[in-house]
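Numbering (the UniProt record's numbering), first residue to last: 1 to 185. Beneath this line is the structure, given in structure tokens, with notes to follow.
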């Protein structure tokens, strides 16, 4: 994911990067190591951020930081603050229905250049429809299989392979005009 963002689109090096739902900081730390001017991870989970902090300290990085918050509260506080937003959002099934789209709306309001995100392949048509409504250019960069281990009591299998799209959303320009006035509903 980061390799493609960095080498194909040059959207990490010397850029201000946000990692929404950063968890333990894998994407944030990777972005910092690839030369992000600054990468800030945002997550609601304090224990995940403690692990993030230990991981960042282990690499002695000065261009990475983290904020504990509800990601969906960020757009009004940080509109167009980041060049690039990266995320592996909750997939929005069962108890988190719609969470992936809430993260995407937030990311699109925070990014100046692009948003990179992972979404269940089964939701591609819905996401494309929303991108078209919002006048956002969307490109599926890769189709992946993601091994998701059981993490909730209602999960019946030890793990399940989920088909996932790695998507780039361009925040700069779509063929029919600029999207500076993005209003997401």
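Glycine is no exception: its CB is placed at the ideal position from the N, C-alpha and C atoms. Computed from a prediction, not measured in an experiment: that's the story for all the values here.
About 7 Å separates the beta carbon of residue 88 from that of residue 27, a gap short enough to meet the 8 Å contact definition. Take residue 64, set aside five residues on each side of it, and the residues of its chain with a beta-carbon closer than 8 Å to its own are 25, 28, 29, 31, 32, 36, 38, 39, 40, 41, 56, in chain order. For residue 139, the enclosing beta strand (DSSP E) covers residues 137-149.
By the Cβ test, the region 76-86 is in contact with the region 5-18, since at least three Cβ pairs between them sit closer than 8 Å. For residue 84, the secondary structure class from DSSP, reduced to helix, strand or coil, is strand. Taking the Cα of residue 100 as reference, the smallest distance to any Cα among 14, 4, 165, 170 is reached at 165.
In the DSSP annotation of this structure, the continuous segment of the beta strand (DSSP E) that includes residue 64 starts and ends at 64-68. Residue 72 and residue 34 have their C-alpha atoms spaced approximately 27 Å apart. Counting along the chain, residue 30 sits inside the alpha helix (DSSP H) bounded by residues 26-33.
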